[in-house]
Amino acid sequence: MQLKKKGSYKNLFSEHAKEVGIICITLIISVVYGLFFYQQNVTEESIRNGLFVAQRERQLGSTEAMAQHIGSDLSLVASILQGLAGSSYLQQGELYGDRVDKLMKERFDQINNITRVDGLFIADKDDIMTYNVVTEGDRSFVNIDISFRDYVQETKKILRPVFSEGFQGIDGIYRIAITFPIINRENGQYIGMVGVQMPTIDFFARYGNVYSIGSQYLSALDRNAVQLIHPVKSFIGVSFFDNHTQEATGHNTILNNFIRTVMSGKSDSAIYEFRGVQRLTTGYPIFVEGKPEYFAFIITPTTEIYAHINDVLFNERLKMFTLVAGFTVAVVTLILFLIKWNNMLDRQVKRRTKELEKSNEQLKAHDKMQKEFINIAAHELRTPIQPILSSSEILLSKIKDSRHHELLNIVSRNANRLRRLAEDILDVSRIESHSLSLHKEQFNINDIIEDVVQGYRNQIQAQNKVGSDTEILFTPKDDVIMVGADRGRLAQVIFNLLDNSLKFTKPTKEKGKIQILSEKKDSQVTVSIMDTGTGIDPEIFPKLFSRFASKSFSGTGLGLFISKSIIEEHGGKVWAQNNPNGGGATFSFTIPSSQQHLGLDDSEGGYNEK
Amino acid sequence: MRNRRVLLVDDESDVTTVLTFALEDYGFEVDSYNNPLDALSSFKSNYYDLAILDIKMPKMNGFELLREIRKDDENLKICFLTALTELKDHKSDINELSPVFVKDGIIRKPISNKDLLNSINKILSSS
């Protein structure tokens, strides 16, 4: 019962092992994927941030490079103007005429190779324009007073080159001007100035997009924060801090602080929103001759940056997902394989169990058939002995002729022998098929010994066997020795041992003597049967208790084997030895004695029938 | 004293023949049958002191025969004479019998005539 229960628990466990395993694997995979995607998100976020920072740095760099480029271009233009101011014609006050025209045109082309200017002019000391090269089709302003222009006044005042603030021409185009004073090298007198005017849009367009607000574009401020260039036309010529611009940018403190930082001469960056689009702006002062004259900005909508970043991330993700997909496929394949393998093993185990069950059933059926056969054989063996025994018994009482009598005795004796042989063979069959069943009860073993000895004495005297004069002595040491044993089987053992002793006592010339002792010691009963015969032949000694070891004239050759099996079934043992003084042998057996004198419950004490 | 009348039923005719001789020698009147059905009809028209029945017989076994006998006579003394050792197949039949009967009333073949006589006398003298 206990075992069966244990088994069913085990079954229960193994039945659910598969489910538990699958749940565990699913959990582990979920956790791994969870961690993985979390890590992936974190990684993406940091990649995004990293890329954004890199983009900002790159944009700062390119803003600086652009500012330097513009600065050097402006210096170059200024140096050409310086060259003109120092030319011999202008030094000598020759501010117009053919020679000047030729020189100026050369220089105009030269400057236009550097950057787009739409006018190269000379003004005299009274601010009257004496000469003006313009792009073909443009209006020339010779002989016009240009003193109203701030840069003209400034040039005269500081007598140094001027990089002007933005101004609007009468044609409406917004420009900046670069001027260089013409000062007599010998007397230091102010002669006039040379200068260029350049449209800001044309000028800055050389360095980047100045038209479209939808993508990255350029913007520039002059020293007064006036916007020289902007895709939004209305901003051009307006100060950044003017109401118009401020309203349009939503009075953005971050943006305003950023503009102030750049205008103080440092590079900076900021993120702000303008017209519903988030933008990254980077600014750098344009230094000319070491002075910040203008301020350049690159503005990029962040969507554009992120679009770039997303491309990078997409590639990263693609790699990652390939990895995940590969991993998943591998795990799923593994699980499927394991399940399939498990099922295959299951099927194999089931098949083998079935086979075992089948062969077990076959064995059981075979065993049952065997037992049935033994029982039928027993019946069929005994049945014909009955009429032989009965007939010879009747005839023995009727026939007086001694020769006939002797013949009938032979028939009778052999019928008896056949009967014993049948019983013994059946007992051996039972022993070998482990179906020798004991019906245990409590009794005094001395009573049984006494009964068997008495019966045996009567039998040998009645049959007038050879050795029937043998003295059989039974001397119990204790009056009562209780055992829990099968009464009939124990009697059979004692009878067999006694019969065996008598056989081996037979050939001596003196009157034989068999002595039986019973003794209780340490909860064991020992019964010894000592004879004065020839002793046991050393040749058969080793196989004394096996079948047909000591075949005699009257015995079956199975008695000792059966006796040994019966004693062992009782939990005891049986042995034999030749007596030390050289006369005969002693056969002994022990079985456990029982402590109580009261009867045991039969059903409990008996070996169950098989 | 009149002779005791015995009904002997065994499918082996050698057994019935020899045992009839033996029991007649001991002073019994014996009717023996090898067919239980013949025995049953004889039982219905005769008086017996004892029935000795084999167990393993074709057509009708000893217990079935006993059941038929008991329908008419609840007091007839009975003993079984069998060569079977294993009576497991007849467990339910045996359970219907009294333990005393099982101990003394089931006699094992082969048995000497003398021992058979002793057993029969024991049964006849029991109340």
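Just so you know, the protein sequences line up as chains E and L, in that order. If you read the first sequence in my numbering, its first letter stands for residue 1, the second for the next number, and so on. If you read the second sequence in my numbering, its first letter stands for residue 1001, the second for the next number, and so on. Every residue gets a Cβ at the ideal spot worked out from N, C-alpha and C, and that includes glycine.
Coil, strand or helix - residue i by DSSP
i       : result
I170/E  : coil
M198/E  : strand
A462/E  : helix
L95/E   : coil
Q216/E  : coil
Y207/E  : coil
M66/E   : helix
R1108/L : strand
F36/E   : helix
K1091/L : helix
P285/E  : strand
R419/E  : helix
R380/E  : Sequence inspection shows Glu at residue 380/E; the Arg mentioned does not correspond to that position. Residue state, collapsed to three classes: helix.
T26/E   : helix
A177/E  : strand
R413/E  : helix
V117/E  : coil
L1007/L : strand
I47/E   : helix
K400/E  : coil
Min CB distance residue i to chain E below 8 angstroms
i       : result
K1109/L : yes
K1056/L : yes
V1102/L : no
S1098/L : no
N1113/L : yes
E1064/L : no
E1012/L : yes
V1015/L : yes
N1061/L : no
Identified DSSP bridge partners for residue i
i       : result
M104/E  : The partner list for M104/E (beta bridge, DSSP) is empty, contrary to what the question assumes.
T1016/L : Partner(s): none; T1016/L has no beta bridge.
R279/E  : Y272/E, P301/E
G192/E  : D124/E, I182/E
T526/E  : E519/E, T590/E
M129/E  : A123/E
I229/E  : A220/E
D110/E  : First, the amino acid is wrong: residue 110/E is Gln here, not Asp. For Q110/E, which the question treats as bridged, DSSP gives no partner whatsoever.
M440/E  : It should be noted that the sequence gives Lys, not Met, for residue 440/E. Answer is D486/E, bridged to K440/E.
L81/E   : Answer is none; L81/E lacks a bridge partner.
is_contact[residue i, chain L] using C-beta, thresh 8 angstroms
i      : result
A17/E  : no
R419/E : yes
E393/E : yes
Q461/E : no
L558/E : no
L408/E : no
L389/E : yes
L502/E : no
I385/E : yes
L436/E : no
L345/E : no
L336/E : no
L490/E : no
L426/E : yes
Chain-ordered chain C contacts of residue i [CB-CB under 9 angstroms]
i      : result
P538/E : Going by chain labels, chain C is absent from the structure shown, which instead holds the protein chains E and L.
Residue i: CB within 7 angstroms of a non-hydrogen atom of the ligand ATP
i      : result
A585/E : What this structure holds is no ligand at all, so the ligand ATP is not there to describe.
Which runs of the beta strand (DSSP E) fall wholly inside the region 467–516 of chain E and span at least 3 residues, in chain order? Within the region 467–516 of chain E, the runs of beta strand (DSSP E) that reach at least 3 residues and sit entirely inside it are, in chain order, 471–476, 482–486.
Give, in chain order, every residue of the region 1018–1035 of chain L whose Cβ lies closer than 8 angstroms to some Cβ of chain E. So the close ones are V1018, L1019, F1021, A1022, D1025.
Taking a cut of 7 angstroms between CB atoms, which residues from the region 351–383 of chain E lie near chain L? The region 351–383 of chain E vs chain L, Cβ under 7 angstroms: N375, A378, H379, R382, T383.
What ranges does the beta strand (DSSP E) occupy inside the region 291–333 of chain E, keeping only unbroken runs of at least 3 residues that lie completely in it? DSSP runs (the beta strand (DSSP E)) wholly in the region 291–333 of chain E: 291–301.
Interface positions of the region 1077–1093 of chain L facing chain E (Cβ-Cβ less than 7 angstroms), listed along the chain: Within the region 1077–1093 of chain L, the qualifying residues are A1083, L1084, T1085, E1086.
Counting only runs that start and end within the region 233–269 of chain E, where is the alpha helix (DSSP H) found for 4 or more residues in a row? The DSSP assignment places complete alpha helix (DSSP H) segments of no fewer than 4 residues inside the region 233–269 of chain E at 243–249, 253–263, in order along the chain.
What residue ranges within the region 552–591 of chain E form continuous alpha helix (DSSP H) runs of no fewer than 4 residues, ordered along the chain? Segments of the alpha helix (DSSP H) lying fully in the region 552–591 of chain E: 559–569.
Residue ranges of each alpha helix (DSSP H) within the region 1031–1061 of chain L, 4 or longer: List check, alpha helix (DSSP H) in window: 1036–1045.
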